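FYI, the numbering for the sequence shown is 1063 to 1140, going by the working numbering.
Take a look at the structure set out below.
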Amino acid sequence: MKQENIVLLDGFWDRLDEEIRRQNKSKKQVAEKCRFGRKTLYRPKNNRYMRAVYFARLCVELKVSADYLLFGEEGRSV
């Protein structure tokens, strides 16, 4: 099951990093706007994942769809 979860989110962190760079923002700026710690925006250790409410705030702040960040679907804007 753990391996399935990792495969399911394959590319998530890369898409997130790319989108933050594309918008010329820093992880610190994004985290402050989303009201969570900067470390939330770094790849997790020990199979810990971002909280759903943080993920929702992140999508709103970056103006991207959840599908795009999670699965790489076309169409960045929501």
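For every residue, glycine included, the Cβ atom is placed at its ideal position computed from N, Cα and C.
Bear in mind that the values here come from a model prediction, so they are computed numbers and not experimental data.
- Query: Between L1132 and G1073, what straight-line distance do the alpha-carbon atoms span, to the nearest angstrom?
  - Reply: Translated into the one-based positions of the sequence shown, residue 1132 becomes position 70. Translated into the one-based positions of the sequence shown, residue 1073 becomes position 11. Between L1132 and G1073, the alpha-carbon positions lie close to 8 Å from each other.
**Prompt:** Considering L1078, what are the terminal residues of the alpha helix (DSSP H) in which it resides?
**Reply:** On the sequence shown, residue 1078 is found 16 positions in, with the first residue counted as 1. Residues F1074 to R1084.
Inset, instruction - Note down the Cα distance separating I1082 from L1124, rounded to an integer number of angstroms. - result: Residue 1082 sits at position 20 when you count from the first residue of the sequence shown. Residue 1124 sits at position 62 when you count from the first residue of the sequence shown. The C-alpha of I1082 lies about 7 Å from the C-alpha of L1124.
Problem - Separation of S1088 from C1096, as counted between CA atoms - result: Your numbering for residue 1096 matches position 34 in the sequence shown. Your numbering for residue 1088 matches position 26 in the sequence shown. Rounded to the nearest whole angstrom, the CA to CA distance from C1096 to S1088 is 12 Å.
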